[in-house]
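If you're matching them up, the sequences are chains L and Y in order. The numbers in the first sequence follow this note's numbering, run straight up by one, and end at 857. The numbers in the second sequence follow this note's numbering, run straight up by one, and end at 501. To keep things clear, I will list the structure first and then write my remarks on it.
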Amino acid sequence: MSLLRGAASGEQPMAGWLEGESMYADRQLVIRHTIPTNGLSFAGTIDVMNADQVAAALIAQLGEGQPLHLELSRVEFSDVSGIRAFVLAAESASERSRIVLHGLPALLQRVMTVVGWADLPGLEICSCGAE
Amino acid sequence: MEAHTPYQHEALLYRGTADFLHHAVPFIRDGLEAGEPVLVVTAQTRIGALRAELGGDAAQVEFADMARAGSNPARIIPLWRDFIDRERTNGRRLRGIGEPIWAERSPAELAECQWHESLLNLAIDPATPMWLLCPYDASALDHDVIEEAYRSHPMVTEGDHTRESGAFRGRGGSVAPFTTPLPAPPPGTRRFAFGPGDLATVRGMVAAFAAQAGLDPRRNDELVAAAHEVATNSVRHGGGRGELRWWRDDRSVICDFADGGRIHDPLVGRERPLTGSAGGRGLWLANQMCDLVQIRTMPTGTVVRVHKKL
Chain L
727 MSLLRGAASG EQPMAGWLEG ESMYADRQLV IRHTIPTNGL SFAGTIDVMN
777 ADQVAAALIA QLGEGQPLHL ELSRVEFSDV SGIRAFVLAA ESASERSRIV
827 LHGLPALLQR VMTVVGWADL PGLEICSCGA E
Chain Y
192 MEAHTPYQHE ALLYRGTADF LHHAVPFIRD GLEAGEPVLV VTAQTRIGAL
242 RAELGGDAAQ VEFADMARAG SNPARIIPLW RDFIDRERTN GRRLRGIGEP
292 IWAERSPAEL AECQWHESLL NLAIDPATPM WLLCPYDASA LDHDVIEEAY
342 RSHPMVTEGD HTRESGAFRG RGGSVAPFTT PLPAPPPGTR RFAFGPGDLA
392 TVRGMVAAFA AQAGLDPRRN DELVAAAHEV ATNSVRHGGG RGELRWWRDD
442 RSVICDFADG GRIHDPLVGR ERPLTGSAGG RGLWLANQMC DLVQIRTMPT
492 GTVVRVHKKL
């Protein structure tokens, strides 16, 4: 297990969380559970090749009444279909749960804004995103 | 008849700034007097000249700098559609002035502006009560640009005469530029055949070439994001594979993706994505991330060529 690095300055609820067991792994991406358990850390690439599997994995992790925190500062690349995986999961989040994106690379934040996904219920972008 | 629909797409051929104002100012003032919303999208210099002539009336006019809002001509149709959605109430007419073409446009930009003009005949429903005036400076533009304006507009105003264009392609013919091949890349241009497992390699090749050409990291990331979406489209919709070619000219890095697929919607990449998860967004993203996205589709296949200025 290893400590998650906090991203840049700002609210960092995931700094100091522990990284746990692998929840999903393919040739280009590893998703690990975290401790506390309502988080996931991502390392690698999310794109058309694995976006469907990522969406399914996220939806399976959504818990009732608590947010799901995603640590994304080690995402090397995500395309639109990768971001869509987060959007799909947010769409299936119940009223009392939501998905929070931490360490979101600046390019991905811009992509989300440009394609109309920056302002969705159930999907929150933490201000601790990368510079 | 196209000439008598509520939507009027009209070319205005003018000669110099004074002549531009001679036509544009009454067009704007008549609209304001009738309570019609007016949006003017043109070069900053012409906006300044209009503001000076209109005086206090300018406050009622919406202006946008075409060099910013429409530097990539594919972003102009969404601008007009947003204006229509925002201002259209009770059937009142809207007025617009849109000048996408000026002498300093590069050949590729000019080709896309001309395709955009033709597409304006398809992108806006003929039942939309809008009078859209498209100015062309006949004293500064090549004759073939003026000839193409006659082909892409049902109505043309020159001097004090407005008449139906005898050369108009018609709504049905307006899709013609979409199926016309692009100019070939320079001789010796490098190429790379890619399949589903090669997207990371495509990204790496584009990033390396762009960096070598001097593109800064942020703009490099934007180009790579767009290139990935275009390559993904080839893999998903274009028969599972494609061919990347890449080169630069004096202004831009250029990446060209060819595949065996066919695109059926000429407005692809120009429609603002809906909220919610459904719907393609790759070519819309490419148009926001790149300075030019040229799409051509023929029975033999499709080419998408993206440009990013250095």
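Just so it is clear, CB atoms sit at the ideal spot from N, CA and C, and this is done for glycine as well.
For a Cβ distance threshold of 8 angstroms, residue set 468 of chain Y lies close to residue 814 of chain L, ordered along the chain. Taking a C-beta cut-off of 9 angstroms against chain L, the contacting residues of the stretch 383-417 of chain Y are 387, 388, 390, 391, 394, 409, 412, 413, 415 and 416, listed in chain order.
For residue 806 of chain L, the chain Y residues whose C-beta falls within less than 7 angstroms of its own C-beta are 420, 472, 473 and 476, listed in chain order. Taking 9 angstroms as the cut-off, the Cβ atoms of residue 798 of chain L and residue 830 of chain L count as close. Residue 495 of chain Y places its beta carbon less than 9 angstroms from that of residue 485 of chain Y. Put simply, the backbone Cα of residue 476 of chain Y is about 20 angstroms away from that of residue 369 of chain Y. Secondary structure note for residue 813 of chain L: its alpha helix (DSSP H) is the uninterrupted segment 806-818. For residue 341 of chain Y, the enclosing alpha helix (DSSP H) begins and ends at 334-343. Chain-ordered, the chain L residues with CB closer than 8 angstroms to the CB of residue 427 of chain Y read 774. Residue 748 of chain L is not a Cβ neighbour of residue 792 of chain L, given a cutoff of 9 angstroms.
Around the beta-carbon of residue 253 of chain Y, fewer than 16 other beta-carbon atoms lie within 10 Å, marking it exposed.
Here the alpha carbons of residue 272 of chain Y and residue 473 of chain Y stand approximately 20 angstroms from one another.
In this structure, the CA atom of residue 810 of chain L is about 11 angstroms from the CA atom of residue 466 of chain Y. Secondary structure at residue 787 of chain L: helix, using DSSP grouped into helix, strand and coil.
In this structure, residue 215 of chain Y sits near residue 203 of chain Y, with a CB-CB distance shorter than 9 angstroms. DSSP lists Y:385 as the bridge partner or partners of residue 433 of chain Y. Counting along the chain, the unbroken beta strand (DSSP E) around residue 449 of chain Y starts and ends at 443-450. Residue 851 of chain L sits in a strand when the DSSP states are folded into three classes.
Between residue 228 of chain Y and residue 285 of chain Y, the C-beta gap is smaller than 9 angstroms, which places the two residues in contact. Just so you know, the alpha carbons of residue 437 of chain Y and residue 767 of chain L end up roughly 36 angstroms apart. Secondary structure of residue 309 of chain Y (DSSP, three-state): helix. Annotated as distal: residue 310 of chain Y and residue 356 of chain Y, with beta-carbon spacing of 9 angstroms or more. Per DSSP, the continuous alpha helix (DSSP H) segment holding residue 425 of chain Y begins and ends at 408-428.
Put simply, the backbone Cα of residue 221 of chain Y is about 22 angstroms away from that of residue 345 of chain Y.
What residue 464 of chain Y touches in chain L, judged by beta-carbon distance under 7 angstroms, is 841 and 842, going in chain order.
Taking C-beta separations shorter than 6 angstroms and ignoring five residues to either side along the sequence, the partners of residue 274 of chain Y in its chain run 230, following chain order.
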